[in-house]
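Visitor:
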Amino acid sequence: MSGTREPMPPATVAGAAGAVRALLRLEEGNEAALVAQVAGVALGLAEAFCGQMLIERGVEDSLPGSVAWQPLSAMPVRAILSGGEGAVDRDGCGWVRTGDALTVRYRAGLAVDWAGLPPEIAHGVAIMGAHLFDNRDAAAVPPAAVAALWRPWRRMRLDRAKRA
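Under my numbering, the letters of the sequence shown match residues 22 to 185, in that order.
(1) Assess, as a yes-or-no matter, whether the region 124–142 is touched by the region 150–165 under the definition of 3 or more beta carbon pairs within less than 8 Å.
(2) Taking only the alpha-carbon atoms, compute the straight-line gap between Val-109 and Val-117 and give it to the nearest angstrom.
(3) Using the C-alpha atoms, what's the distance from Asp-112 back to Ala-95?
(4) Decide if Ala-168 is buried, meaning its Cβ has at least 16 other Cβ atoms within 10 Å, or exposed.
(5) Within its chain, find whatever has a CB closer than 8 Å to the CB of Ala-37; leave out the 5 residues flanking it on each side and keep chain order.
(6) Buried or exposed: Asp-155, going by 16 or more other Cβ atoms within 10 Å of its Cβ?
(7) Take Ala-54 as the anchor and find which of Glu-77, Gly-79 and Val-34 has the nearest alpha-carbon.
(8) By a C-beta neighbour count over all protein chains shown, 10 Å radius and 16 as the cutoff for buried, is Glu-68 buried or exposed?
(9) Pick from Pro-28, Arg-78 and Cys-71: whose alpha carbon is nearest that of Arg-126?
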């Protein structure tokens with residue numbers, strides 16, 4: 022299964038950059054490009070750590086034909102837009118079955134925008150962005166507080182998902 026995801030919306034990166042700037046007490050426009058870059062990286066790290074898409078975006082998965090239910094790659098799924106018979110379970114995992122190989126289009130994400138993110142995730146992104154900004158010349162260990170903030174939102178798949 023392969024999937025393509027829409028990039029992080031610029032408004033979300035701008036919101037995260039504002040939070041990083043506030044944490045660092047930087048004035049608007051000061052080091053703006055670098056702050057936006059570290060905010061984008063921090064958002065990506067948060068998604069990777071949590072194992073789910075944080076901001077709702079479009080996703081396309083190419084699936085082989087199968088009469089069995091197949092899990093979609095991104096979660097939490099908000100809506101399956103096209104492709105075979107689809108269902109979303111209570112955990113936000115999307116499922117599709119079809120007899121032919123096809124591309125499934127769907128929307129996935131925990132929140133609609135930056136303001137809709139849980140405060141723990143947003144604050145962890147701000148701390149991580151500030152850490153990346155302050156330590157851009159060295160390979161410093163990320164703050165443990167970030168993992169503590171994000172851990173309750175972490176989803177891990179230890180085995181291939183199955184649906185009856």
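The C-beta atom is built at its ideal place from N, Cα and C for all residues, glycine as well.
Guide: In this structure, then:
(1) With contact defined as three or more Cβ pairs closer than 8 Å, the region 150–165 and the region 124–142 are not in contact.
(2) Position 88 of the sequence shown, counting from 1, holds the residue named residue 109. Position 96 of the sequence shown, counting from 1, holds the residue named residue 117. Those two C-alpha atoms are separated by around 9 Å.
(3) Against the sequence shown, residue 95 aligns to sequence position 74. Against the sequence shown, residue 112 aligns to sequence position 91. Straight-line Cα distance between these residues: approximately 12 Å.
(4) Locating residue 168 in the sequence shown gives position 147, counting from the first residue. So Ala-168 ends up on the exposed side.
(5) Against the sequence shown, residue 37 aligns to sequence position 16. Residues of the same chain with a CB within less than 8 Å of the CB of Ala-37, apart from the 5 flanking positions on each side, are Ala-60, Gly-61, Ala-63, Leu-64, Trp-135, Ala-143, Val-146, Ala-147 and Gly-150 in chain order.
(6) Within the sequence shown, numbered from 1, the residue matching residue 155 stands at position 134. Per the 10 Å Cβ criterion, exposed.
(7) The residue you call residue 54 lines up with position 33 of the sequence shown. Ranking Glu-77, Gly-79 and Val-34 by Cα distance to Ala-54 puts Val-34 first.
(8) If you number the sequence shown from 1, residue 68 lands on position 47. Result: buried.
(9) Here residue 126 refers to the residue found at position 105 of the sequence shown. For the residues Pro-28, Arg-78 and Cys-71, the minimum Cα distance to Arg-126 belongs to Arg-78.
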